[in-house]
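Please read the structure below before turning to the comments.
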Amino acid sequence: MAGTIIITGANGSVAVHAVQHLLSKAPGNTLVLTVRNPSDSDLNTKRLRETVERFPNSKVSIRKLDLATLQAVNEFTEVIAIEIAEGKLPPLVGVVCNAFHWNMIAGPELTGDRLEKTMQVNHVSHSALVLRLLGSFGPRGGRLVLFTSDCHYPGRNSLEKYPPSIPDNIDELVKAGPQANKQGRGFQNYANSKLAILMWTYALNRYLEKDKPLSNISAVVIDPGSIADSRALRTNTPAVLSYTQRFVLQPLRPVLRLVIPDVRSSADAGVDVADITLNRKHAEERGYLRLMVPGPSSAESLDEAKQQKLWVKTAEWANITNENTALEGGFCTY
186 MAGTIIITGA NGSVAVHAVQ HLLSKAPGNT LVLTVRNPSD SDLNTKRLRE TVERFPNSKV
246 SIRKLDLATL QAVNEFTEVI AIEIAEGKLP PLVGVVCNAF HWNMIAGPEL TGDRLEKTMQ
306 VNHVSHSALV LRLLGSFGPR GGRLVLFTSD CHYPGRNSLE KYPPSIPDNI DELVKAGPQA
366 NKQGRGFQNY ANSKLAILMW TYALNRYLEK DKPLSNISAV VIDPGSIADS RALRTNTPAV
426 LSYTQRFVLQ PLRPVLRLVI PDVRSSADAG VDVADITLNR KHAEERGYLR LMVPGPSSAE
486 SLDEAKQQKL WVKTAEWANI TNENTALEGG FCTY
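Note that our numbering has the sequence shown beginning at 186, numbered continuously upward.
Shown next, in the form of structure tokens:
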């Protein structure tokens, strides 16, 4: 089933390999690849463009999208919906929400939308993107791929100083308060965003299954493992993480994987992401996959009452109403 596949953060370590796999194994699809900076002045975008150019007959566009602003998300989804409606793009068959942000070296960050930046980029803007584009899938549906991490599970990640949790006052998730411990609180913001993504997706799948026109669209949240060669470890992180990657994780990865199976390369993870997007693996699966294996997520993530509270709040943060999504999800009407 060929169609349009959107990948955010497409110049990321895992995403570039996913793009390469999609172009080589499923060349009939049209790829819309989004990045913050689409020019070759960004070396990561240049690498992405060089990857695409190895497939001269491919149908690919690289477009600018800054997930730190909801207006940019709204404008992007409007353009995509119009292009699909006019036949300039085929209907959607997949959306891969790969872009991410974290910051463990700076103080609180608020976006122009007055939302905490990590939560907005990782969760709120991706939810807006997905919900606004559901009506642009064809009748055969397709796949939504989102990303979580072992850090959503309290005590599972060595960088954790403060456990992830959804507070009773959910609005606290999008506020940026004082941070005495920049690394600890910065990582908690990231972990909370990964927990929110997971819980929101559980709720999304329930709504999709109840909505007959959209019931052929399924969402999965994958934990791709610890990506030893990811540039994320060198972005907005303490120097010790960069040193650990360079002198421990990368040179010792073959040995580490014998005792820590989730230590992986971005190339391996990219192939998994592509295959999940194409429904070549776990085609009937909805929900959580860790290292491509279905399994239980954290106890808090499975709390349906909290999932629903987060669902409602996310729609509020993302400005989703009955007028701008095809999903029957109990949204407001203005």
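Quick reminder that beta carbons are idealized off the backbone N, C-alpha and C, glycines included. Please read all numbers here as calculations on a predicted model, not as lab measurements.
Which of helix, strand or coil DSSP assigns to residue i
i           : result
residue 494 : helix
residue 372 : helix
residue 219 : strand
residue 322 : strand
residue 248 : strand
residue 356 : helix
residue 513 : coil
residue 472 : strand
residue 294 : coil
residue 279 : strand
residue 386 : helix
residue 351 : coil
residue 299 : coil
residue 505 : coil
C-beta contact flag for residue i and residue j at 7 Å
i           : j           : result
residue 250 : residue 240 : no
residue 248 : residue 215 : no
residue 304 : residue 378 : yes
residue 286 : residue 455 : no
residue 276 : residue 326 : no
residue 514 : residue 392 : yes
Length of the line joining the Cα atoms of residue i and residue j
i           : j           : result
residue 402 : residue 462 : 11 Å
residue 545 : residue 365 : This structure gives no information on residue 545, because the portion of the chain shown stretches from 186 to 519.
residue 280 : residue 449 : 23 Å
residue 297 : residue 253 : 8 Å
residue 458 : residue 238 : 21 Å
residue 506 : residue 256 : 15 Å
residue 312 : residue 508 : 15 Å
residue 236 : residue 242 : 13 Å
residue 207 : residue 512 : 28 Å
residue 350 : residue 488 : 12 Å
residue 420 : residue 274 : 34 Å
Exposure label - residue i; buried when at least 16 CB within 10 Å
i           : result
residue 374 : buried
residue 353 : exposed
residue 294 : buried
residue 267 : exposed
residue 359 : buried
residue 478 : exposed
residue 468 : exposed
residue 400 : exposed
residue 343 : exposed
residue 228 : exposed
Range covered by the alpha helix (DSSP H) that runs through residue i
i           : result
residue 233 : 228–238
residue 309 : Unbroken run through residue 309: none, as it is neither H nor E.
residue 259 : 255–270
residue 202 : 198–210
residue 459 : 451–462
Residue i, enclosing beta strand (DSSP E) - first and last residue
i           : result
residue 189 : 189–192
residue 327 : 327–332
residue 408 : 402–408
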